[in-house]
Amino acid sequence: GRRALLALVRRSRHRELPLRELQGGKAPPGAHLGVPFLLHDLLGAGQLRSVPTPAGPLLRLAEP
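Residue numbers (full-length UniProt numbering): 1 to 64.
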């Protein structure tokens with residue numbers, strides 16, 4: 001679950017994805033708990049950061 005979403009963000013350009021793209025698309029394999037729950041979990045754990053933009057929130061991989 002967590003690993004699948006983090007892998008999606010890592011493979012994306014600039015290690016960031018629009019929130020709308022993750023919510024609207026098909027859930028990655030292994031995300032049995034659901035994408036909204038996993039996103040909330042990763043944001044709370046500090047592994048992803050939400051950056052407000054005019055086009056909507058952008059999820060960025062947090063720096064280690």
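Every residue, glycine too, gets a C-beta built ideally from N, C-alpha and C.
- Per DSSP, reduced to three states, the secondary structure at Leu-48 is strand.
- In the three-state DSSP reduction, Leu-33 falls in the coil class, being neither helix nor strand.
- When Ala-62, Leu-58 and Arg-3 are compared, the shortest CA-CA separation from Pro-28 is found for Arg-3.
- For the pair His-40 and Gly-1, the Cα-to-Cα distance works out to about 12 angstroms.
- Between Pro-54 and the set Val-9, Ala-7 and Leu-19, the nearest pair of CA atoms involves Leu-19.
- Taking all protein chains in view, the Cβ of Val-9 is crowded by 16 or more other Cβ atoms within 10 Å, so the residue is classified as buried.
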